[in-house]
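4 protein chains.
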Amino acid sequence: MTAFSDRLVEANRATWTAMAAHPFVLGLADGTLPEQALRAWVRQDRIFVLQERRVVAALRAHGPPDGLDRLLAGLDGGLVAEADAFARTAEAAGFPADAEPWPVCLGYTSYLLSHALDGLLEGLTALYAAERAYLDTWTAVAARSPAGSPYGDWIQNWTSEAFRGFVADLGGELDALAGSPSPAVAERLGRVFTGAVRFELAFWEMCWRGQA
Amino acid sequence: MTAFSDRLVEANRATWTAMAAHPFVLGLADGTLPEQALRAWVRQDRIFVLQERRVVAALRAHGPPDGLDRLLAGLDGGLVAEADAFARTAEAAGFPADAEPWPVCLGYTSYLLSHALDGLLEGLTALYAAERAYLDTWTAVAARSPAGSPYGDWIQNWTSEAFRGFVADLGGELDALAGSPSPAVAERLGRVFTGAVRFELAFWEMCWRGQA
Amino acid sequence: MTAFSDRLVEANRATWTAMAAHPFVLGLADGTLPEQALRAWVRQDRIFVLQERRVVAALRAHGPPDGLDRLLAGLDGGLVAEADAFARTAEAAGFPADAEPWPVCLGYTSYLLSHALDGLLEGLTALYAAERAYLDTWTAVAARSPAGSPYGDWIQNWTSEAFRGFVADLGGELDALAGSPSPAVAERLGRVFTGAVRFELAFWEMCWRGQA
Amino acid sequence: MTAFSDRLVEANRATWTAMAAHPFVLGLADGTLPEQALRAWVRQDRIFVLQERRVVAALRAHGPPDGLDRLLAGLDGGLVAEADAFARTAEAAGFPADAEPWPVCLGYTSYLLSHALDGLLEGLTALYAAERAYLDTWTAVAARSPAGSPYGDWIQNWTSEAFRGFVADLGGELDALAGSPSPAVAERLGRVFTGAVRFELAFWEMCWRGQA
């Protein structure tokens, strides 16, 4: 039987396809990203990962099972490192890392946070959507990344065995908690997941086009 | 198959028995409650129902299914009426209704509120425990209540068809949401339910013995 | 001394000006709104007010002072009526009221909800931003609305004495709670307010341009 | 001017006095604690510190100022160490560390958690009450602890310079956030603080007398 986490992905296959074909994603993979898109991404994604730490804390406040709690503790450490990497990228490229969040970025982090506050299963579903979308999208385009690409390290990071293992473990925790959810809960979690992946796509669109 | 809500009660049968045999409960049913126990109960239970309104609001903030949302809206109205009835009882008996919450009262309402904030299913499970315990306990002792008992109206209220219907509907909503919960969620909700009914029993003990 | 609530507005004067000059706002006032913009607005704003009910519940779960609790109860009733009015407008115009939320709509409601869950003062500040922006913006353009405009009732609603009184009372409750906030809290609430009014502007932009 | 955090303590001076004179506290200081009281304390306090980790996570989910966030991260690590120390004490004394929480323990942790979920200032006030009560109470009785007391390490821990510095820093963060709170907020936080210290006293009473 298909795992609950995989069924969530299946139900959003069109968005998955759209993410892997998005000009921002392809530009980062090819190493041809325009300066303005790079700058938007580095700044807004840095805001995103800093806010994601609150999402992780909100999930841990639910008193999750031990295995999930350990995964979340590890994620928190990873987010600190990722925020630092964004700051170093900004510095290397010669622009300030600090910026105001744009509405889609603020909306996406608010969406994740409100669900993490709402409930353990709701918040875990939204977080899994974000992490799984990253893994699958960068995996889909990783082969396009030329040797020596300035963004090669990022793509390597999000397609590494470590990250793949983390996403698999997170999905395993979600599946174990969700079990065979009632129709009402399945509908609720399905809506949460779909909203998150639409934000993921909107986020890349925002980086590509600028704020509007 | 036994409904999830009924299995929760089954797993706490000993507490159910202890509640229906508790001297406070018997004293209220018989109409022989000492003045001090009456006073403690009226004041602390009034605090309880006022705090329970926050529990209801926290549950509604999760965006529950429509049927459950309507039940909760109705409960909120009932709690306002119940707080008024406690105030009138205090006035008729000649003592002020206002009081400081005692630790067990404050602990019980904090327990319900923290679970209502924690998640829809967690909070609904805790609330159901409180309501079902009231229905079953007063139903078990209602026949002892003599005609003209000063507390007859209270017992009638908590054994009425309307209240029985409300508790059945609340259990139905819980069962529909919970479905066949995963072992992890069943364990989690079972713990929430057991904690709530232990508080229910501790609450009556508190009314009977005084604060200590 | 300028009230805290008024200082929040002062600090966002540029957004206030931009709202009152936005083509969507002018189009609704003039009665010249393109069909597509009307449709987007009716559907997305209906989603907004339905979600705002969760915001109200989350605020009430904090156990606000009595006067504020009553204001929020009244707002909840108003939101039900407003959602119905949107549904009737959709029906009269011949399109289904139900729709999927667009990212900016979902982001805005998530933003309000996450702050309402975060704290009483944080959530009240965000809610006040939304209500005050509506009052001030429609007041600024109300004189443009010709007699017999199909949208005249909406503008009348958001510029009525009743709505003005509600917003003033809400601001009064915010000022009473906030007092003279510490620099850290003033900065925190200022950020919450600014984020909300930027979403308000982004919402109208979304209705005017379509989802993208 | 007296700091806000100190005024909270002043308003609860009677409870402070009662804590430092409580037979459980004196018994631990003197090293004369009955076996049953020791066992109750080790088990229930271990549950307490494990649940307090959720309180810390809930506070961090509010996105506190950086200095406070670092203090909370440090506290989390300390709680893990403290839970381990309780487990080792249980092992050395030959009884299992695992136990069911008693109502007052469950009520106290629910109280802290519900306020930590309720808001940053509310939760910080409740947490500060618990930490400050520990520091002041053990400081008051530390001189009674004889050399070689089996509980000497515990008392040394809660009267150490490190712990004193932590509590001072936590109070400083509370004072910086609270500023000169409005009457409504001062009343709200005062109530939160008083409830927490009453639970602290009730907790020791529970350890001393057993569950009832």
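Read top to bottom, the protein sequences are chains E, G, Y and X. No gaps in the numbering here: position 142 of the first sequence is 142 in this note's numbering, and each next residue is one more. In this note's numbering, each residue's number is its place in the second sequence (first place is 1) plus 1000. In this note's numbering, each residue's number is its place in the third sequence (first place is 1) plus 2000. In this note's numbering, each residue's number is its place in the fourth sequence (first place is 1) plus 3000. We put the CB at the ideal spot given by N, CA and C, even for glycine. Owing to the predicted nature of the structure, the values given are computational and were not obtained by experimental measurement.
Measuring straight from C-alpha to C-alpha, what distance separates residue i and residue j?
i, j, result
"residue 89(E)", "residue 211(E)", "21 Å"
"residue 3198(X)", "residue 11(E)", "52 Å"
"residue 1018(G)", "residue 3112(X)", "29 Å"
"residue 2177(Y)", "residue 2121(Y)", "7 Å"
"residue 2057(Y)", "residue 33(E)", "45 Å"
"residue 2037(Y)", "residue 1007(G)", "53 Å"
"residue 1116(G)", "residue 118(E)", "10 Å"
"residue 2144(Y)", "residue 2152(Y)", "10 Å"
"residue 3155(X)", "residue 2065(Y)", "41 Å"
"residue 179(E)", "residue 3(E)", "9 Å"
"residue 1149(G)", "residue 3200(X)", "40 Å"
"residue 2035(Y)", "residue 62(E)", "46 Å"
"residue 3028(X)", "residue 3099(X)", "21 Å"
"residue 2102(Y)", "residue 2110(Y)", "12 Å"
"residue 1108(G)", "residue 3107(X)", "6 Å"
"residue 3181(X)", "residue 2185(Y)", "10 Å"
"residue 1095(G)", "residue 1055(G)", "28 Å"
"residue 3001(X)", "residue 3171(X)", "15 Å"
"residue 1189(G)", "residue 3050(X)", "19 Å"
Are the C-beta atoms of residue i and some chain Y residue less than 7 Å apart?
i, result
"residue 106(E)", "yes"
"residue 103(E)", "yes"
With respect to the alpha helix (DSSP H) encompassing residue i, which residues constitute its N-terminal and C-terminal limits?
i, result
"residue 2004(Y)", "2004-2010"
"residue 86(E)", "66-93"
"residue 153(E)", "152-159"
"residue 1103(G)", "1103-1118"
"residue 2183(Y)", "2183-2209"
"residue 2144(Y)", "Neither: residue 2144(Y) is in no alpha helix (DSSP H) and is coded neither H nor E."
"residue 1015(G)", "1013-1020"
"residue 27(E)", "23-30"
"residue 2100(Y)", "Per DSSP, residue 2100(Y) belongs to no alpha helix (DSSP H) and is neither H nor E."
"residue 33(E)", "Note, residue 33(E): premise wrong, no alpha helix (DSSP H); not H, not E."
Tell me whether residue i, by its Cβ, gets closer than 6 Å to a heavy atom of the ligand ZN.
i, result
"residue 174(E)", "This structure lacks the ligand ZN; in fact it carries no ligand of any kind."
Is the Cβ of residue i closer than 7 Å to any Cβ of chain X?
i, result
"residue 1117(G)", "yes"
"residue 1111(G)", "yes"
"residue 2179(Y)", "yes"
Short of 7 Å in beta carbon distance, which residues of its chain neighbour residue i, apart from the five on each side in sequence? Order them along the chain.
i, result
"residue 25(E)", "19, 137, 141, 204"
"residue 1069(G)", "1060"
"residue 202(E)", "104"
"residue 164(E)", "135"
Looking only at its chain, what residues have a beta carbon closer than 6 Å to the beta carbon of residue i, apart from the 5 residues adjacent to it on each side?
i, result
"residue 2207(Y)", "2024, 2037, 2040, 2041"
"residue 3126(X)", "3112, 3115, 3192, 3196"
"residue 1173(G)", "1068"
"residue 159(E)", "138, 139, 142"
"residue 2030(Y)", "2144"
"residue 123(E)", "59, 115, 116"
"residue 2175(Y)", "2003, 2004, 2005"
"residue 132(E)", "167"
Verify the CB distance criterion: does residue i have a CB-CB separation below 7 Å to chain G?
i, result
"residue 184(E)", "yes"
"residue 3005(X)", "no"
"residue 3114(X)", "yes"
Excluding the five sequence neighbours on either side, which residues of its own chain have a C-beta within less than 8 Å of the C-beta of residue i, listed in chain order?
i, result
"residue 1074(G)", "1166"
"residue 1080(G)", "1053"
Contact residues within the stretch 3192-3203 of chain X, judged by C-beta distance below 8 Å to chain G: From the stretch 3192-3203 of chain X, only 3195, 3198, 3199, 3202 have a Cβ closer than 8 Å to chain G.
Of the residues that make up the stretch 2054-2082 of chain Y, which ones have a beta carbon closer than 7 Å to any beta carbon in chain G? If you check each beta-carbon in the stretch 2054-2082 of chain Y against every beta-carbon of chain G, the ones closer than 7 Å belong to 2054, 2057, 2058, 2060, 2061, 2063.
Residues, ordered as in the chain, of the stretch 1165-1177 of chain G that lie near chain X by beta-carbon distance below 7 Å: Those residues of the stretch 1165-1177 of chain G placed with their C-beta closer than 7 Å to a C-beta in chain X do not exist.
Residues of the stretch 2116-2137 of chain Y whose Cβ lies closer than 7 Å to any Cβ of chain X, in chain order: Residues of the stretch 2116-2137 of chain Y with a Cβ closer than 7 Å to any Cβ of chain X, in chain order: 2118, 2119, 2120.
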